[in-house]
Amino acid sequence: MASTTLRIGVTRELNQRAGVRLREIVPDAAVVLLDSDGSWSEDPAELDAFFFSEDLYYLPEAVGAFVELLSSSPPKWMQTASTGVDHSLFAYLLDSGAIVTNSPGVHGSTIAEYVFAYILSHAKRLPQHAANQSARQWTPLESIELAGQTLGIVGYGGIGEACARLGKAFGMRTVATKRRPPSNEHLDQYFSPGRLHELLAASDYVVLCCPLTDETINLINAEALAAMQSHALLINVARGRVVDHDALSHALKSGAIAGAVLDVAPLEPLQPDSPLWDLPNCLITPHDSCHVDASYMRTADFFFANLTHLIAGEPLEWVVTDIELSDPSEGDV
């Protein structure tokens, strides 16, 4: 395909960060910019390519403008900045005949660092130390040594493997669920998905890294939470609907588990009336565990690699062929 025929849609932020590289790859292409307020630099109809870059996940007006475009003139190909493609707009694109490609494994190391920031904070009681300092109290605290603790990983893809790698560096025992047995030096034990409750019962820290499918909606329900140890910490970096929030709220209030860290919500942003906001043993972050510059640029590398293939008339990589959705109103992107 001649580069002069290409019409490429990107956000203004992507253009600011990597526009020079984009134009090195396609110097004669028409680049159509999407602003944070949802406005386009020119008519976005008949785009050959669109990059759903990481900044779009935090720009509802811009996402709305893109969704409007889908109803009239969907792009021929869209690259996502995520591994997960369970949002309804991706399914809509596939149904329209467009090509959708994702970015597998791109956030593994970044999200694993987020997970261990909260594991260490919990184990070393950093919030209580900070509170004691604020109160000018010299109060020694008993903490937890991670060596010998069990890290349970629900869903062993790129993020799960990155978490296991860090867990082994701390001397932890690592266990995980996966549909097919993995062969991996960082994992001590594998459980089939049907043995989830065994993994939960054995784990001091549980990290959710699984995709959102019909099988994983409300996977962590009241029964699953009851299977966990009372001192266990639950960390969700998967999708919000993997956890039953009503059941989680009850478990946190009753002390059935020690705490939870949530980087995702069933509908984002998390609703203001959610009782989880007020629970001292529930820590909430705005789906930004992967929001670092290095991660952003790695996702751009996926887009640029496929753009090079497109120009050369070669098959695109990381093509998504099927999306399993349970609810077209799903709020997570």
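Take 20 as the starting number for the sequence shown in our numbering and just add one per residue. Yeah, the Cβ is synthetic: ideal placement off N, Cα and C, and Gly gets one too.
#### Entry: DSSP beta-bridge partners of A49
R26
### Collapsed DSSP secondary structure at W157 in the structure displayed
coil
### Query
Under three-state DSSP, which class holds Q35?
Here Q35 sits in helix by DSSP.
### Simplified DSSP state of I178, which is helix, strand or coil
helix
### Query
Between the beta-carbon of R26 and the beta-carbon of D54, is there less than 8 angstroms?
no
### Task
Return the first residue and the last residue of the alpha helix (DSSP H) that N325 is part of.
Note, N325: alpha helix (DSSP H), D312 to A331.
### Message
So, for S249: in the same chain, excluding its five sequence neighbours on each side, which residues have a beta-carbon less than 8 angstroms away from its beta-carbon?
### Response
G274, A275, I276 and A277
### Query
For S140, which option in L165, G103, P93 and N34 has the closest C-alpha, if you only look at C-alpha atoms?
If we check each option's Cα against that of S140, L165 comes out closest.
### Task
Count the other CB atoms, across all protein chains shown, that sit within 10 Å of the CB of V7; report buried if there are 16 or more and exposed otherwise.
Missing from the structure shown is residue 7; the chain here goes from 20 to 352 and no further.
### Query
In terms of alpha-carbon separation, which member of V119, I138, A136 and T102 lies closest to V125?
T102
### Backbone secondary structure at G127 - three-state DSSP
helix
### Query
How far does the beta strand (DSSP E) with L302 in it reach, from first residue to last?
C301 to I303
#### Entry: Euclidean distance between Cα positions of K197 and Y209
7 angstroms
#### Entry: Beta-carbon proximity list for D346, same chain, < 6 angstroms, skipping 5 on both sides
Summary for D346: the model assigns pLDDT 33, below 50, so the residue's position carries little reliability; its value from the coordinates is reported in the next sentence. Nothing meets the Cβ criterion.
### Query
From P230 to R258, what does the alpha carbon distance come to, in whole angstroms?
7 angstroms
### Task
Less than 8 angstroms between the CB atoms is what I'm expecting for L160 and Q152, so what's the real figure, rounded?
L160 to Q152, Cβ: 12 angstroms. No contact.
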